[in-house]
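Each remark here refers to the structure printed beneath this line.
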Amino acid sequence: MSAEQTIKDQLDRIAELRTVYGAPGDHGYDTPAGDALYRLYAIAFTLSVLLPEIAADARDAARYRWLRERDLETIDKGGVFIGAVPENLVLNLEEADQIIDAAREAEARAEIAK
Numbered sequence: 001m002s003a004e005q006t007i008k009d010q011l012d013r014i015a016e017l018r019t020v021y022g023a024p025g026d027h028g029y030d031t032p033a034g035d036a037l038y039r040l041y042a043i044a045f046t047l048s049v050l051l052p053e054i055a056a057d058a059r060d061a062a063r064y065r066w067l068r069e070r071d072l073e074t075i076d077k078g079g080v081f082i083g084a085v086p087e088n089l090v091l092n093l094e095e096a097d098q099i100i101d102a103a104r105e106a107e108a109r110a111e112i113a114k
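Our numbering puts the first residue of the sequence shown at 1, with every later residue one more than the last.
Structure follows, in structure tokens:
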């Protein structure tokens with residue numbers, strides 16, 4: 001099950017609890033039950049706000065995993081691949097990770113140096 005679906009399922013469960021137990025104020029905010037409901041609903045709100053970003057990150061991660069696992073012969077067969085120029089290298093797996101990480105770090109250092 002995806003992270004997105006897991007969060008949606010948990011939000012549904014919290015919504016069910018809200019239906020059964022009502023608002024925190026119904027129990028008194030200064031009571032353990034009211035405080036617990038308030039905290040639970042605050043968590044649900046935070047998750048609902050973060051859900052689009054989490055879903056986008058999951059899609060990006062899936063795309064990257066697909067890309068990094070491409071066959072090294074992809075360039076000869078045609079298709080999508082990670083490459084390094086001017087060396088004209090097709091990269092995959094750990095080598096792709098290392099090249100990407102190094103390029104990102106170099107860009108970050110260049111930004112800091114500005």
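The beta carbon of each residue, even a glycine, is placed where N, CA and C say it ideally should be. If you're wondering where the values come from, they're calculated on a predicted model, not measured in any experiment.
DSSP has Gly83 in a bridge; who is on the other side? As a first step, residue 83 is located in the sequence shown; it is residue number 83 there, counting from the start. Partner(s): Val90.
For the stretch 14-68, which segments carrying the alpha helix (DSSP H) assignment without a break, of at least 4 residues, lie completely within its bounds, in sequence order? 32-68
Which of helix, strand or coil DSSP assigns to Arg109: Walking along the sequence shown from the start, residue 109 turns up at place 109. Arg109 falls in the helix class under three-state DSSP.
Considering only residues of the same chain and omitting the five flanking positions on each side of Ala3, which have a CB-CB separation below 7 Å? One-based indexing of the sequence shown puts residue 3 at position 3. Excluding sequence positions up to five before and after Ala3, its CB lies within less than 7 Å of the CB of Ile54 and Ala58, all in the same chain and listed in chain order.
Given Trp66 as reference, the closest of Leu93, Ala44 and Val85 once Cα atoms are compared: For this step, residue 66 is matched to residue 66 along the sequence shown. The shortest Cα separation from Trp66 among Leu93, Ala44 and Val85 belongs to Leu93.
Taking all protein chains shown into account, decide if Pro24 is buried (16 or more other Cβ within 10 angstroms of its Cβ) or exposed. One-based indexing of the sequence shown puts residue 24 at position 24. It counts as buried.
Assess contact between the stretch 66-76 and the stretch 88-103, defined as three or more Cβ pairs (one per stretch) separated by less than 8 Å. Is contact present? yes
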